[in-house]
Amino acid sequence: MRTLLIDNYDSFTYNLYALLTEVNGREPVVVANDVPWASVDLGAFDNVVVSPGPGRPDYVRDFGISTRAMTDGGLPVLGVCLGHQGLCHVFGSPVVPSPEPRHGRISSVHHDGRDLFAGLPSPFRAVRYHSLAVMNIPDVLEAQAWSDDGVLMAVRHRELPLWGVQFHPESICTEFGRELLANFAAATPVRARRSVPTTATVSPTLPTTGVAQATPATPAHRYRVRSERVDRIVDPEAVYQRLFAGGPNSYWLDGSAANEAGSRFSVMGDCSGPRAEYVTYRVPEMTVRVEHSDGGVEEIRSTFFDYLDAQLRERSVAPQSDLPFGFCLGYVGYLGYELKADTGGQLAHASEQADAALVFADRAVVIDHERGCAYLLALEPVNSPDPDTADPETAQWLCETASTIRDMRDPLPGPAATAPPLIQAPHEVPVVFRHDHPTYLRLIEQCLAEIRSGESYEVCLTNSATVHRSLDPTSGYSCLREISPMPYSALLQFSGISVLSASPERFLKVGADRTVESKPIKGTRPRSADPVQDRGLQSDLRQSEKDRAENLMIVDLVRNDLSRVCVPGSVHVPSLFDVETYAPVHQLVSTVRGTLREECSAVDCVRAAFPGGSMTGAPKIRTMEIIDKLEAGPRGVYSGAIGYFSLTGTADLSIVIRTMVATDSEVTFGVGGAIVALSDPDDEFEETMVKALSMRRCLSVADEKEP
């Protein structure tokens, strides 16, 4: 069975792709809805699936060649959501506002048991993502299914093999989605046809990654990593201060702050090694600038992800099975939100800071907080005279660094694993928001209007806060990690900019076994000093339909992004709607995992998923356009990612939230939230204030300490 999947620029298309691969036994071919119709070889396919998407089916921009597939294709067609509305529209049905927008919400679907619904129980539970609906259909179409609130959920053509479903069979919370697609396949006669490519075609809506291209052969390893273990319990903050805080472009990926199983290791270093580099990139110039530790500077005309992928391949090292962590030197730093212009978005606002800044780390210290030891890592060429002996420069650094660590004092007790609730700042420092309270409320109303019109399911609207004062990065970060311990904390002290992050959210991790993991957060409640009230807030978050809907939309989006680069059928959700508690807030967290395709790299994976869906909303491309119109400036580092790309092919990055960005003259931080049809503007604004609490308190404490 060979399926043509038409992508209406949606963020769930590749969830359909994965299901169709499972049902058909082969991957479908994906084309965007704006490719020339004449370029589509219908003789190569047995049927067509038209994806969901933003907008309206009567707008060419939104539906494109999907109409031609239904009128001129001559093949069985299944339209999903927008595809369902398009099918009805083609045969004369008006598409009108739904009685109530339903996004990420579950309904009972009742049906007649025929065709797509053969053998399925009635009712079953299905997820809906729509603000528009079809309420009346012509005689040529026949209604087959309805929701419990009376909205038409499925139709069939009385004479042609055409079907539409308003709900989303590919959602993680829809029952019997696979069986419905199997019924569609069973209703499709397999035709004799011309030979077709054996691999799927990546939609032009997406950056071309290894799914569509042969991966270059990995060259013979030019480097190896020399490591030394120091059996000494150390205070990571003291090690960073002693060894790296005063060095050029230093970094600290802080796995000690939350004392969690997933935060066992801290990675730190600077740009002082003989092969170290400081790499920056600006989207408008499409130029990578490389500052070498010896003072040399290069400028390379390239997109950032292409450059990074090529460098990681060229400098790759063999996996280090004797090391208990994934980092084995490589690139450490941040990816700014405006990099979206290189991954499918537009460059609407130019950031003052570099859109990406990373250190090529040729030396680093990794602290194992569980075993109470440190590992020293150093890069050296494989052609050194004696492979069993470090070159003199490396040997000297290993010896001196180990000696410094052994001579350090015993650490004082660190932050508590579960910090007390952070309720309010002792006093307020003056904060200037890009959008004041009335303006932000108006922006929320505009988001709701876009949602009601069908342009988006969820808009992650944000605000930028500025404090006009300087901040010492190391003391400021020390305060932040104490009052708001988080599992993905980090400090970057780069040229002209410092980033102080207390992020609770994992963007992407790629392990040595090619397992990919993302842990999107959507849903927040403040902490309470009253234990009973605090438990009530936690319970309210866990049971909230609105918060679960927000979270589900991003889980389905992340599943889609990972399905573009993961082995079909490997993407799964081991945990859904877990509540995690931190000092300032309770958070609703889900976990999505998959297995990266052999031909794809960690860079391909990040490129396919960037920016993180929890910072955009869905569908991602259209919703980023809405955000570009509403937000009056760049997000910069905020909403991007912080972490590392290792020379062994692993990676681990967090989402940049709960993060301050400091320059010589000011400190900025971003706050925001997901706007959905159920959102109350006042509640959404209040949630941004809750999320700002840890940063504002940190700045207040720092202000108090200054003379």
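Counting in full-length UniProt numbering, the sequence shown runs from 1 upward without gaps. Virtual Cβ for every residue (Gly too), placed ideally from N, Cα, C.
Between the alpha carbons of Pro236 and Arg542 lies a gap of roughly 35 angstroms. The beta strand (DSSP E) runs of length 3 or more contained entirely in the region 522 to 584 are, from start to end of the chain, 572 to 581. Annotation: the continuous alpha helix (DSSP H) that includes Asn183 extends over Gly177 to Ala186. Met153 carries a strand assignment under DSSP once its states are collapsed to helix, strand and coil. Residue environment analysis places Ala608 among the buried positions, since at least 16 neighbouring C-beta atoms fall within 10 angstroms of its C-beta. With a 10 Å radius around the Cβ and a threshold of 16 neighbouring Cβ atoms, Ala38 comes out exposed.
The alpha-carbon separation between Ala512 and Cys373 amounts to approximately 22 angstroms. Assignment of Asp682 by DSSP, reduced to helix, strand and coil, places it in the helix class. Per the coordinates, the alpha-carbon of Tyr488 lies some 29 angstroms from the alpha-carbon of Tyr440. Taking the C-beta atoms as reference points, Ile451 is found nearer than 9 angstroms to Ser131. Judged by beta-carbon spacing, Tyr129 lies within the 9 angstroms limit of Ala618, meaning their Cβ atoms are closer than that value. The region 298 to 313 and the region 627 to 642 do not touch, with fewer than 3 CB-CB distances between them shorter than 8 angstroms. As DSSP reads the structure, Ser646 sits in a beta bridge with Gly330.
By the CB criterion at 9 angstroms, Leu537 and Arg548 fall outside the cutoff. Scanning Ser316, Arg282 and Arg313 for the CA closest to the CA of Phe304 turns up Arg282. Closest in C-alpha terms to Gly330, from the list Gly643, Asp7, Gly672 and Asp680, comes Gly643.
Here the region 112 to 123 makes no contact with the region 53 to 69; the two share fewer than three CB pairs at distances below 8 angstroms.
Sequence-distant partners of Gln446 (beyond 5 residues in either direction) whose C-beta falls short of 8 angstroms from its own C-beta, in its chain, are Leu630.
A check of alpha carbon separations from Val332 across Leu653, Ser316 and Arg301 identifies Leu653 as the nearest. Between Val80 and Val40, the CB-CB gap reaches or exceeds 9 angstroms.
Inside the region 472 to 521, DSSP marks whole beta strand (DSSP E) runs of 3 or more residues at positions 488 to 494, 497 to 503, 506 to 510 and 515 to 518, from first to last along the chain. Between the region 449 to 467 and the region 220 to 239 there are fewer than three inter-stretch CB-CB distances shorter than 8 angstroms, so the stretches are not counted as touching. By a beta-carbon distance limit of 8 angstroms, Val690 does not contact Lys546. Their separation comes to about 16 angstroms. Closest option to Phe117, judged by alpha-carbon separation, among Val155, Leu82 and Arg658: Val155. DSSP places His168 in the strand class (E or B) of the three-state scheme. The beta carbon of Thr623 lies closer than 6 angstroms to those of Ser456, Val459, Thr616 and Gly617 in the same chain, with the five residues before and after it left out. Linking Val297 to Val127 through their CA atoms gives a straight-line distance of about 53 angstroms. Under DSSP, the beta-bridge partners assigned to Tyr223 are Pro381. When the five nearest sequence neighbours on each side are left out, the beta carbons in the same chain lying within less than 6 angstroms of the beta carbon of Ile444 are those of Ile675, Pro681 and Glu684, in order along the chain.
By the neighbour-count criterion, in which 16 or more other beta carbons inside 10 Å mark a residue as buried, Thr389 falls on the exposed side. Under the 8 angstroms Cβ criterion, the region 29 to 36 counts as touching the region 3 to 19, having at least three qualifying pairs.
Listed in chain order, the beta strand (DSSP E) elements of length 3 or more contained wholly in the region 236 to 290 are 250 to 254, 265 to 269 and 277 to 282. Counting every other CB atom within 10 Å of its CB across the protein chains shown gives Thr21 a total of 16 or more, marking it as buried. DSSP, read as helix, strand or coil, puts Leu132 in strand.
DSSP links Thr462 through a beta bridge to Gly672. In terms of Cβ geometry, Ser93 and Leu141 form a close pair [threshold 9 angstroms].
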